[in-house]
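Peer 1:
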Amino acid sequence: MSTSFNKNKMNKETQEPLRLSPGVVFSACTNKENRSREQNTLDNVEKRDGMPNFKYMQNIYEMLHEHPEVSLREFKTADFVTGELEKLGFAVRTRVGGTGVVGVLEFGRPGEILALRCDMDALPLQENTDVPYASKNAGVMHACGHDSHMATILGTCAFAAQNKERLSGTLMAIFQPAEEIVVGAQAMLDQGIFAEKKPGRLVGIHNWPSLPAGAIGLQNGPLTAFADGFKVTFLGEGGHGALPYKTKDPIAMATAAVQNALTLAHRRMNSNHPQTLSFGMIQGGTSFNIIPSKVVVEGTVRTTRLEDQETMIALLHQAFAAGANLHSGEYVLEYRKGVPAVINNEIVVKELEHVFQTKIPEIPVVTQGLASLIGEDLAYFLEKVPGVLLLIGSGQENGISELHHPSFLVPTQTLEIGYKALTSIVEEYLR
Ligand SMILES: [Zn+2]
Ligand SMILES: [Zn+2]
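Each residue of the sequence shown is one higher than the one before, starting from 147 at the first, in the numbering used here.
Put into structure tokens, the structure is as follows:
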């Protein structure tokens with residue numbers, strides 16, 4: 147996957163002047179009416195409801211929201227994050243797996259290595275909001291809330307820098323590119339993100355609109371799906387539509403095979419574990435009266451357990467073979483295993499439950515019903531390091547509560563709750 151990075155293009159783009167440095171952007175903002183922002187520094191940290199770093203996070207969130215960049219092109223975002231981490235005293239590695247950034251802060255005393263991970267990319271989507279910090283990049287929008295993830299983790303990094311004297315061990319802040327196309331995490335691993343320092347625990351965050359803002363989601367076990375794709379080709383012999391008995395009809399094979407597969411998935415998969423099979427494309431033929439010689443069908447399989455993935459692959463073979471055999475043809479199945487499931491580590495889940503109960507008992511923690519069949523490449527990190535994907539509620543009663551929607555905005559409360567959760571985790575593991 148790392149081979150998909152176009153190095154020439156990257157170098158060319160990064161040579162352009164950076165417009166996402168805080169000073170430039172903030173001074174540009176002062177030209178607008180009713181808007182004033184301060185430069186982000188540790189010196190002007192403000193408190194809201196007794197919470198430090200809120201203004202810092204809010205400024206970063208709005209600025210990143212205003213300047214979204216799509217997957218693999220997070221150049222200015224990465225430069226901005228690098229600048230902030232350096233200001234906070236982190237040692238920073240850049241260009242890890244494309245545009246990825248890793249900040250490391252060592253505390254005075256030996257201890258655990260804790261990694262926090264967020265994602266940096268936005269989506270190719272035209273924003274439809276009227277907030278003053280709406281996207282300035284036409285056709286690009288932070289509609290998945292990755293801007294809020296970066297702001298929350300930078301806020302937590304500021305907290306760690308401010309409390310350096312009383313913490314121990316090491317904090318590693320991972321800013322991952324290309325989550326939306328699920329290649330960034332593996333690219334960072336391929337470039338040795340953990341070669342020198344391997345964390346003992348890793349916590350990734352994602353805002354979660356199906357949870358109300360103010361709540362946290364922490365569920366043991368599978369949280370997202372093994373997200374695979376497949377392409378099956380049915381091979382027969384074409385001919386005249388009026389003389390089907392002289393052909394081996396691949397359209398008949400494909401329709402029988404699709405029905406077989408859907409029926410088998412429905413009847414033979416264990417319904418106690420979430421999984422699904424969907425067909426998304428069927429192609430074949432050139433005219434109403436010509437039976438073609440081949441038909442291509444594509445689809446996706448989502449499962450939450452390795453054994454279900456294996457069973458589904460076996461069922462597809464059985465269904466497609468039956469469809470092809472029925473009409474004396476053949477089939478070729480190309481199955482592409484995609485991103486694996488995010489499986490939250492049981493021990494880390496228990497540790498974090500204890501942290502939340504003791505340090506932030508006022509915040510409700512939802513522990514059930516959070517699994518979905520989307521793909522999320524944090525899974526690759528969690529295959530290397532015990533950890534979790536922590537969900538931060540971002541649902542609002544009077545707002546759009548749907549990721550990837552052109553009107554979706556992360557409420558400010560999500561930054562506060564995410565900050566409280568992550569700083570309490572830092573305090574526990576790095577005390
Ligand atoms: Zn997304
Ligand atoms: Zn996302």
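Idealized CB from N, CA, C, for every residue including glycine.
1) Could you name the residues whose beta carbon sits closer than 6 Å to any heavy atom belonging to ligand 1, keeping them in chain order?
2) Excluding five sequence neighbours on each side, which residues of the same chain lie with their C-beta closer than 6 Å to the C-beta of valine 511?
3) Output the residue ranges of the alpha helix (DSSP H) runs that lie fully inside the region 225–280 and measure 4 residues or longer, sorted by chain position.
4) Phenylalanine 376 bridges to which residues according to DSSP?
5) Which parts of the region 314–384 are runs of the beta strand (DSSP E), unbroken and 3 residues or longer, counting only runs that do not cross its ends?
6) Does the beta-carbon of histidine 463, which I'm using as the reference point, lie nearer than 8 Å to any heavy atom of ligand 2?
7) Classify serine 217 as buried or exposed, calling it buried when 16 or more other Cβ atoms lie within 10 Å of its own Cβ.
8) Identify, in the order they occur along the chain, each residue of the same chain with its Cβ nearer than 8 Å to the Cβ of glycine 387, setting aside the five sequence neighbours on each side.
9) From valine 478 to glycine 385, what does the alpha carbon distance come to, in whole angstroms?
10) How many angstroms separate the CA atom of phenylalanine 527 from the CA atom of cysteine 303?
11) Check whether the Cβ of histidine 352 sits closer than 8 Å to any heavy atom of ligand 2, and report yes or no.
12) Return yes when the Cβ of arginine 263 is within less than 9 Å of the Cβ of leucine 524, no when it is not.
13) Can you tell me which of the three DSSP states leucine 536 falls into?
14) Contact check, alanine 289 vs proline 552 under 8 Å by CB: the rounded distance?
15) Could you check where the beta strand (DSSP E) with threonine 393 kicks off and where it finishes?
16) With burial defined as no fewer than 16 other Cβ atoms inside 10 Å of the residue's Cβ, what is the status of tyrosine 391: buried or exposed?
17) Grab the span of the beta strand (DSSP E) containing leucine 423 for me, first residue to last.
18) Is methionine 287 helix, strand or coil by DSSP?
19) Look at glycine 533 and proline 345 and say whether their C-beta atoms are less than 9 Å apart.
20) Would you say the region 364–374 touches the region 437–454, given that touching needs at least three Cβ pairs under 8 Å?
Peer 2: With the given structure in hand:
1) Cys290, Glu326, Leu549 and His550
2) Ile362, Leu364 and Phe502
3) none
4) Gly445 and Tyr481
5) 314–322, 347–358 and 372–381
6) no
7) buried
8) Phe434, Asn435, Ile436 and Ile437
9) 21 Å
10) 20 Å
11) yes
12) yes
13) strand
14) 6 Å
15) Counting along the chain, threonine 393 falls outside any beta strand (DSSP E), and DSSP gives it neither H nor E.
16) exposed
17) 421–430
18) strand
19) yes
20) yes
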